[in-house]
Structures are given as structure tokens and as C-alpha cells.
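Data first, discussion second: the structure below is written as C-alpha cells.
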Amino acid sequence: MSTKHTIAFFGATGGVACSSLALALKDGHKCTALARTPDKLHKMLSEQYHVPTSIIDSLLTIHAGNIKDPNDVARPLISPLQPSALVDVIYYSVGGTPSLQISLTQPVTLDDPTICATGLLSVFSALTNLRNSGIAAAPNGRKPLLVTISTTGITSKKRDVPLVLGPLYHWSLSVPHLDKKKMEAHIFNDKGANVRDFVVVRPTLLTDNEPKGLESMRVGWEWGVRQGQEPGPQLGYAVGRQDVGGWAFRKAIVEGGWEGNGDGIHRHMMVLIPFESSETSAPSRFSATPTNTYIRVTDCFSGYPNYMRKKMPATHKPAPQAPSLPPELWIRILSYHTDLTHLWTTCRCVSPTFRAYTEQVFAEYVLRDTHIDWHLEKYNLGGRSKRPEVPVSYSHFSRDNHKTTVYFRDKRKKGDIGRKAEFERVVRRWEEQVRSSTPHMPNYTVRIAGVVNDTELPGLSVDAEQREIGFEWRGMFGLFFREQARLRQLKEQWHVDTAKKIQANNVRIAKGAKLLPSDYPQLYAVAEIELRRRIRRARLRERYQGQEELVWAVGALESLESHGGAAGGGKAFRLLPDSGIPGAGVGERWFGSVHLVQGLYLDEWSCMHRIDTKAEHLRDGDGEGR
Numbered sequence: 006m007s008t009k010h011t012i013a014f015f016g017a018t019g020g021v022a023c024s025s026l027a028l029a030l031k032d033g034h035k036c037t038a039l040a041r042t043p044d045k046l047h048k049m050l051s052e053q054y055h056v057p058t059s060i061i062d063s064l065l066t067i068h069a070g071n072i073k074d075p076n077d078v079a080r081p082l083i084s085p086l087q088p089s090a091l092v093d094v095i096y097y098s099v100g101g102t103p104s105l106q107i108s109l110t111q112p113v114t115l116d117d118p119t120i121c122a123t124g125l126l127s128v129f130s131a132l133t134n135l136r137n138s139g140i141a142a143a144p145n146g147r148k149p150l151l152v153t154i155s156t157t158g159i160t161s162k163k164r165d166v167p168l169v170l171g172p173l174y175h176w177s178l179s180v181p182h183l184d185k186k187k188m189e190a191h192i193f194n195d196k197g198a199n200v201r202d203f204v205v206v207r208p209t210l211l212t213d214n215e216p217k218g219l220e221s222m223r224v225g226w227e228w229g230v231r232q233g234q235e236p237g238p239q240l241g242y243a244v245g246r247q248d249v250g251g252w253a254f255r256k257a258i259v260e261g262g263w264e265g266n267g268d269g270i271h272r273h274m275m276v277l278i279p280f281e282s283s284e285t286s287a288p289s290r291f292s293a294t295p296t297n298t299y300i301r302v303t304d305c306f307s308g309y310p311n312y313m314r315k316k317m318p319a320t321h322k323p324a325p326q327a328p329s330l331p332p333e334l335w336i337r338i339l340s341y342h343t344d345l346t347h348l349w350t351t352c353r354c355v356s357p358t359f360r361a362y363t364e365q366v367f368a369e370y371v372l373r374d375t376h377i378d379w380h381l382e383k384y385n386l387g388g389r390s391k392r393p394e395v396p397v398s399y400s401h402f403s404r405d406n407h408k409t410t411v412y413f414r415d416k417r418k419k420g421d422i423g424r425k426a427e428f429e430r431v432v433r434r435w436e437e438q439v440r441s442s443t444p445h446m447p448n449y450t451v452r453i454a455g456v457v458n459d460t461e462l463p464g465l466s467v468d469a470e471q472r473e474i475g476f477e478w479r480g481m482f483g484l485f486f487r488e489q490a491r492l493r494q495l496k497e498q499w500h501v502d503t504a505k506k507i508q509a510n511n512v513r514i515a516k517g518a519k520l521l522p523s524d525y526p527q528l529y530a531v532a533e534i535e536l537r538r539r540i541r542r543a544r545l546r547e548r549y550q551g552q553e554e555l556v557w558a559v560g561a562l563e564s565l566e567s568h569g570g571a572a573g574g575g576k577a578f579r580l581l582p583d584s585g586i587p588g589a590g591v592g593e594r595w596f597g598s599v600h601l602v603q604g605l606y607l608d609e610w611s612c613m614h615r616i617d618t619k620a621e622h623l624r625d626g627d628g629e630g631r
């Protein structure tokens with residue numbers, strides 16, 4: 006029977022560390038973790054890694070805190086089994102959030118460019134403080150083992166990056182690499198003062214691909230402090246986070262033997278998937294279709310999948326003068342782009358190749374951070390008023406070659422929704438809401454990386470038994486980000502117009518004129534509501550094209566507002582047929598259709614209020630690692 010360790014995790018919400026933590030909990034190890042938002046870590050373990058809640062509650066202690074505060078860091082370093090001792094293993098996988106910046110020398114930076122190095126110094130500082138207070142070793146009398154996740158591309162020894170990746174690898178990732186290099190230097194300089202030994206795990210480019218298993222991984226290593234014979238690295242292009250997390254837990258912690266005998270072995274790890282097996286057989290044929298595995302369909306220079314090639318005219322392609330970059334690297338770089346609107350509406354349109362790469366990013370990363378919340382009508386059950394919400398998130402893709410449809414599922418347990426009668430009622434009402442959803446009253450909100458809207462879900466289908474919906478994800482992103490881009494354009498124009506108005510007002514004031522309240526520009530918070538209405542109404546006019554009465558009603562909303570609707574007054578909702586709305590007067594074509602305009606206005610107000618409420622909750626509530 007293997008020894009059960011106590012393990013402290015830092016950066017546990019990162020893909021590598023979280024997969025290691027999940028394995029440790031399932032294996033019965035007692036763990037602690039530091040997290041800025043403990044609920045986020047708990048949710049990741051239960052939903053993404055399927056760790057039972059009972060195991061999380063019994064084996065994991067999550068401490069809320071900041072990695073830069075030694076006092077916060079000290080708490081998870083204390084053994085949960087013996088308060089007078091340290092944990093057996095420290096698992097350090099802290100990392101910053103990458104983002105693109107306008108720079109020729111450093112295009113990729115981090116939200117905190119020194120987080121890895123300063124975070125590790127906080128760990129060492131906390132260990133020193135604990136030692137001074139009498140807590141210096143684990144229950145076995147030894148200092149903890151340090152296992153940390155670093156990266157390839159920073160060694161001063163044998164080259165560990167394939168030649169084809171070298172120039173762009175070092176150019177585009179220089180800021181994150183500098184942070185990792187400083188972190189490793191702190192480990193080497195510790196010289197056993199705080200930890201008995203260390204294993205530095207250096208994976209290549211990380212992906213969210215499905216795990217291949219330890220048997221598919223090739224591992225090399227080199228010394229960290231001492232000198233001597235060493236096999237050196239294995240070269241490869243990409244590896245899944247779950248595979249790295251599995252290796253770090255199974256090999257470095259459970260099996261052991263990868264650390265040194267007191268002076269530290271720096272284990273340099275390079276993992277690769279079998280068909281990406283060596284530098285001499287570099288991946289020359291990949292598609293960037295949105296799946297978790299790459300399929301051989303075309304070469305890197307054309308780079309787009311077959312279903313797109315059929316639409317492109319045959320052209321002569323000149324012989325390449327330099328090796329093309331593998332799709333994994335382009336996808337990795339594009340995944341750092343934090344402006345998703347620009348990524349979808351601009352980068353995706355650069356070429357068929359970039360379209361494929363961008364769609365891969367959205368399939369592998371953005372869809373998993375997309376949430377759709379269905380808002381049910383208020384009802385009464387057992388004397389209590391309820392307004393339930395059904396949240397659905399990514400589950401899987403359709404089985405066709407192009408992964409046209411994505412399926413989102415309600416992942417809550419039945420008991421979390423309510424007792425049997427309430428559960429059945431909620432599911433029934435949810436199915437009705439999905440099937441009755443209309444363009445002007447969608448009954449849901451779509452949330453993508455903190456931005457909320459209610460644009461259409463093309464090809465929407467529902468499976469009430471599975472509590473699952475399906476829709477065409479490319480079409481959904483297209484509609485969502487088109488409106489975001491339009492809002493951005495209108496906002497820029499508002500700033501230009503406002504600046505001109507302020508300048509004109511200043512000229513008038515200089516001449517001694519007095520300004521009226523109407524001369525002052527609107528606050529953007531007020532103007533934004535009108536801009537959003539314009540975009541929303543343009544959406545409806547496009548969607549209802551060919552339905553003349555509905556198109557007229559959408560256009561008549563502005564007239565309704567001028568009669569008091571915009572002010573929230575009751576006058577707009579007591580309008581008679583001869584109210585003055587163009588086309589609705591006695592004898593006119595749309596006589597008697599004022600109620601349709603009023604209904605559209607109420608639906609518009611309700612939907613915008615729902616979006617604003619959801620966005621406000623996100624700002625107030627939701628808020629770490631490699």
C-alpha cells in the first residue's frame with residue numbers, strides 16, 4: 006500500500022495543478038490549497054474533474070488568500086493532520102494570465118509579469134517564518150519536497166525546443182519565460198534552506214487536449230544543482246495539461262525517486278504525443294478543426310480544412326522559403342488574445358488558415374468559458390414564490406467531421422434543483438421556454454468571458470431528458486461578436502461627437518454665452534442604453550425581414566418612446582389607434598397594431614434589464630495557475 010502524503014497546492018486552479026490535485030484526492034491524500042476564490046476551485050474539482058463532494062470536503066482544506074502574502078501562504082503549508090508540522094510535499098504551479106500587447110519585442114506579456122518568482126519567494130518566506138516559530142519539518146522529520154511546474158525554452162544546457170519553434174518561441178514568450186527563469190533561480194539558490202529537494206517539471210507548449218496517458222509520454226531529465234551525466238531533454242511540440250498533471254503526481258510524488266540526494270536534481274521533462282514524436286518528424290500535416298485531436302487533412306502552408314478548401318479557387322502557391330510554424334503554436338499565441346471581439350471579427354478574417362486556427366481557439370478555450378442562463382417565469386410552489394434559472398455550459402460537440410453543433414448541459418444534480426415535484430416542474434417549464442423562445446424575447450442570456458448579451462442561438466434544439474441544448478456554435482459567436490463590434494464602433498463615434506460638442510461649448514462660453522441643460526452632452530452610461538437599443542432593433546429588423554408588420558413595429562418603437570415610453574410613463578401604454586405613430590392611424594395600413602409595438606417595447610425593456618442584472622451580478626461576484 007502506497008504512503009499517503011500531505012500536499013500543499015499553490016496555483017491549484019490552473020489546468021496542470023488542478024488535475025494533479027484531483028488525482029491526489031481520489032487517491033486518498035490529504036491536501037491543502039491556497040486560492041483567491043475557493044468556490045472556483047471547489048467547482049472545478051467537482052464539475053471538470055468529477056471529484057465527489059464528499060471527498061473534497063473530507064480531504065481538502067482550501068484557504069482563501071493571496072500568493073504574495075506570506076501570512077496567507079503559511080496556512081496551507083501546515084499539515085492538516087498535525088498542526089505542529091509541515092506538509093510532506095509543496096506543489097507550486099502559480100502562473101500569470103497571458104495577454105497580447107502592441108510590442109515588436111515582447112508581444113505576449115502577463116497580467117503580473119513577476120508572479121511566479123515573487124510567489125515562490127513568498128512560499129520560502131512563509132517557511133522561514135514557520136521555522137522560526139518552531140514548525141520546521143514534516144511529521145517524518147524531513148523538510149518538504151518541492152514539485153514545481155516550469156516551462157521549456159529557458160535551459161542553459163542542451164536545446165529543448167524544436168528548431169522550427171525556436172525563434173518565435175523565444176520572441177513571443179520572452180516575458181513569461183523570464184519569470185519562470187527567475188523562479189528556477191530562486192529554487193537553485195535555496196540550497197536546502199527551506200525544502201529538502203526539488204523536482205522542476207518543464208513541459209512543452211500546454212494544450213487542453215484529452216489525456217493520452219503516461220505510457221504515451223517521453224521524459225528526459227537534467228541535473229539542477231550538481232553536475233554529471235544526464236540524458237537531456239526529449240523534444241516535442243505540445244502536451245495536454247492533464248497528462249502533465251498526471252505525470253507530476255504519479256511519478257514525482259507517489260513513485261518518487263526523481264528528486265536528488267540532498268543537493269537537488271533538476272528534472273527536465275519534455276512530453277509529446279506519439280504522432281508528434283520527434284524533431285525529425287515534425288508535424289507537417291494538421292488541420293485546425295475545433296476538436297481535441299488534430300487530424301491530417303492539409304499542409305501547414307494552406308492550413309485550412311477540406312470543407313473550407315472546396316469553397317476556395319485553386320491558386321498557385323510559391324515554394325516556402327522557411328519552415329511554417331506548427332498549428333499548435335499559432336493556436337497557443339491566439340489563445341493569449343484577451344480581446345475576443347477583435348479575435349473573432351478581425352483575426353479570424355485574415356485568411357482561411359487563421360480562420361481555422363481562430364476557430365480552434367474558440368472551440369478549445371472560449372466555448373468552455375461560455376455560459377447560457379435560461380430565465381424562467383415566476384411561479385408559486387408550496388406557498389413560496391420562485392423565479393428559477395437554468396444554467397447550461399459546455400458538454401460536447403456533435404460527431405460530424407466539422408463539429409458543427411455544440412451541446413450545453415445543465416450540470417447540477419437533481420437534488421440541487423429541488424424535490425421531485427419541483428424538479429419536474431422546472432424542467433418542464435424550461436423546455437417550454439426553450440421551444441417558445443423568439444428573437445424579440447429570447448428568455449436567456451449568453452455570457453462569454455464577462456460580456457453578456459442575448460443574441461440568437463442558431464439551430465437551437467432541446468433534449469429535456471438530458472437537460473441539454475444544442476446549437477451551431479460558429480453562428481452563435483458570429484452574432485454575439487458582431488454586436489459587440491458594432492457597439493464598439495458606435496461608442497467611438499459617440500466619443501468623437503461628444504468631443505466636438507464640448508469644444509463648441511467651450512467656444513460659446515469664451516464668447517460669454519450661457520449654456521442650456523440641453524447643450525451639455527449625455528453621460529456615456531445614458532448614451533450606451535440608446536446605442537444598445539439601436540443595435541438590438543437592427544437585429545430584429547434583420548431577423549424579421551419579410552414580415553412587414555413586425556418590421557414596421559420595430560421601426561415604430563422610436564415613436565412610442567416619444568409618447569412617453571422612454572420615460573417609463575403610462576401614457577405610451579394608453580395610446581389609441583390614432584396616437585400619431587406613423588402607419589397606425591385610422592385608415593392606415595397598421596391601424597389597430599399599436600399593441601404589437603407596445604409588446605415589443607416591454608419585451609425590449611425586460612431583456613435589457615435581464616442582461617444588465619446578470620452583468621451586475623458578475624461584477625459584484627465572480628472573480629490562478631499554469
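Okay, so the sequence shown: first residue is 6 according to the working numbering, each after it adds one. Positions of the beta carbon are idealized from the N, C-alpha and C atoms, including for glycine.
Item to check | C-beta contact flag for His19 and Ile154 at 9 Å | outcome: The question names His, yet the displayed sequence has Gly at residue 19. Yes, the pair counts as a contact, with Cβ atoms nearer than the cut-off.
Next on the checklist: By alpha-carbon positions, which one of Gly70, Leu183, Gly604 and Asp195 ends up nearest to Phe129?
Outcome noted: Nearest to Phe129 by C-alpha distance, out of Gly70, Leu183, Gly604 and Asp195, is Asp195.
Next on the checklist: Going by DSSP, what residue range makes up the alpha helix (DSSP H) through Asp184?
Outcome noted: Per DSSP, Asp184 belongs to the alpha helix (DSSP H) from Ser179 to Asp195.
Next on the checklist: If I measure Cβ to Cβ from Gln247 and keep anything under 6 Å in the same chain, skipping five residues before and after, which residues do I get?
Outcome noted: Counting only residues of its own chain and dropping the five nearest sequence neighbours on each side, Gln247 has a CB closer than 6 Å to the CB of Ser24 and Pro216.
Item to check | Closest Cα partner of Val432 within the set Ile474, Thr102, Trp610 and Glu609 | outcome: Put simply, of Ile474, Thr102, Trp610 and Glu609 the residue whose alpha carbon is nearest the alpha carbon of Val432 is Ile474.
Item to check | DSSP three-state assignment for Glu477, whether helix, strand or coil | outcome: In this structure, Glu477 counts as strand in the three-state DSSP scheme.
Checklist entry - What does Asn458 pair with, by DSSP beta-bridge criteria? => result Val451.
Checklist entry - Where are the beta strand (DSSP E) runs, 3 residues long or more, that stay fully inside the segment 20 to 88, in chain order? => result Listed in chain order, the complete beta strand (DSSP E) runs (minimum 3 residues) inside the segment 20 to 88 are 35 to 40 and 65 to 69.
Item to check | Per-residue DSSP class, three states only, for His622 | outcome: Reduced to three states, the DSSP call for His622 is helix.
Next on the checklist: By the DSSP assignment, the beta strand (DSSP E) with Pro393 in it spans what residues?
Outcome noted: Counting along the chain, no beta strand (DSSP E) covers Pro393, and no H or E run does either.
Item to check | Close Cβ partners of Pro43 (< 7 Å) along its chain, the five nearest in sequence each way excluded | outcome: Here Pro43 has Ile67 and Ala69 as same chain residues with Cβ atoms under 7 Å from its own Cβ, once five neighbours each way along the sequence are excluded.
Checklist entry - Any idea if Thr157 is buried or exposed, counting beta-carbon neighbours within 10 angstroms, 16 or more meaning buried? => result So Thr157 ends up on the buried side.
Next on the checklist: Using 8 Å for Cβ pairs, my map puts Val94 next to Ile12. What's the rounded Cβ distance?
Outcome noted: Their Cβ separation, rounded to whole angstroms, is 5 Å, which keeps Val94 and Ile12 in contact under 8 Å.
Next on the checklist: So, with DSSP's three-state summary, where would you put Ser130?
Outcome noted: When secondary structure is reduced to three states using DSSP, Ser130 falls in the helix class.
Checklist entry - With distances taken between CB atoms, is the gap from Ser564 to Pro587 smaller than 9 Å? => result Result yes, Cβ atoms of Ser564 and Pro587 sit closer than 9 Å.
Item to check | Rounded C-alpha distance that separates His10 from Lys31 | outcome: Between the C-alpha atoms of His10 and Lys31 there is a straight-line separation of about 13 Å.
Next on the checklist: Assuming Leu545 and His614 are in contact, meaning their beta carbons sit under 8 Å apart, how far apart are those beta carbons, in whole angstroms?
Outcome noted: With a Cβ gap of about 17 Å, Leu545 and His614 do not count as contacting.
Checklist entry - From which residue to which residue does the beta strand (DSSP E) around Thr11 run? => result DSSP places Thr11 inside the beta strand (DSSP E), whose first and last residues are Thr11 to Phe15.
Next on the checklist: So, does the segment 176 to 185 touch the segment 139 to 148, judging by three or more C-beta pairs under 8 Å?
Outcome noted: No, because fewer than three Cβ pairs between the segment 176 to 185 and the segment 139 to 148 fall closer than 8 Å, the two stretches do not touch.
Checklist entry - In this structure, does DSSP put Leu439 in helix, strand or coil? => result Before going on, a small fix: residue 439 reads as Val here, not Leu. When secondary structure is reduced to three states using DSSP, Val439 falls in the helix class.
Item to check | Sheet register partners of Tyr606 (DSSP bridge) | outcome: None; Tyr606 has no bridge partner.
Next on the checklist: On the criterion of 16 or more Cβ atoms from any shown chain inside 10 Å, does Asn214 qualify as buried, or is it exposed?
Outcome noted: With a 10 Å radius around the Cβ and a threshold of 16 neighbouring Cβ atoms, Asn214 comes out buried.
Next on the checklist: Let's test the definition: count the other Cβ atoms within 10 Å of the Cβ of Ala22 and tell me whether it reaches 16, buried, or not, exposed.
Outcome noted: Looking at its Cβ environment, which holds 16 or more other Cβ atoms inside 10 Å, Ala22 is buried.
Checklist entry - Taking the C-alpha atoms as reference points, what is the distance between Tyr96 and Leu151? => result Looking at the two C-alpha atoms, the distance is approximately 6 Å.
Item to check | Where Arg541 falls, given that 16 or more other Cβ within 10 Å makes a residue buried | outcome: Answer is buried; the Cβ neighbour count reaches 16.
Item to check | Chain-order list of residues whose beta-carbon lies under 8 Å from that of Lys496 (same chain, five-residue window excluded) | outcome: Contacts found: Tyr529, Glu533 and Leu536.
Next on the checklist: Less than 9 Å between the C-beta atoms of Gly65 and Ala38, yes or no?
Outcome noted: A quick correction: the sequence has Leu, not Gly, at residue 65. Note that the C-beta distance between Leu65 and Ala38 is below 9 Å.
Checklist entry - In whole angstroms, what separates the C-alpha of Ser400 from that of Ser340? => result Near 20 Å, if we compare the C-alpha coordinates of Ser340 and Ser400.
Item to check | Where the alpha helix (DSSP H) through Phe359 begins and ends | outcome: Unbroken alpha helix (DSSP H) run through Phe359: Pro357 to Val366.
Checklist entry - What residue does the alpha helix (DSSP H) around Asp421 start on, and which one ends it? => result Under the DSSP assignment, Asp421 falls in the alpha helix (DSSP H) whose first and last residues are Lys419 to Ile422.
Checklist entry - Considering only the beta carbon of each residue, do Asp634 and Ala490 sit closer than 9 Å? => result For residue 634 there is no data in the structure shown, the boundaries of the chain being 6 and 631.
Checklist entry - If we ignore side chains and look at the alpha-carbon of each, how far apart do Ala141 and Pro85 end up? => result Each residue's alpha carbon lies about 15 Å from the other.
Checklist entry - Can you tell which of Glu609, Val531, Ala589 and Arg538 has the C-alpha that lies nearest to the C-alpha of Trp557? => result Of Glu609, Val531, Ala589 and Arg538, the residue nearest in Cα terms is Ala589.
Checklist entry - Within 10 angstroms of its Cβ, does Thr639 collect 16 or more other Cβ (buried), or is it exposed? => result Residue 639 lies beyond the stretch modelled for the chain, which goes from 6 to 631, so this question has no answer here.
Checklist entry - With a cut-off of 8 Å, do at least 3 Cβ pairs link the segment 396 to 412 to the segment 351 to 360? => result Touching, no.
Item to check | Beta-carbon proximity of Lys73 to Thr123, cut-off 9 Å | outcome: For Lys73 and Thr123, yes; Cβs fall inside 9 Å.
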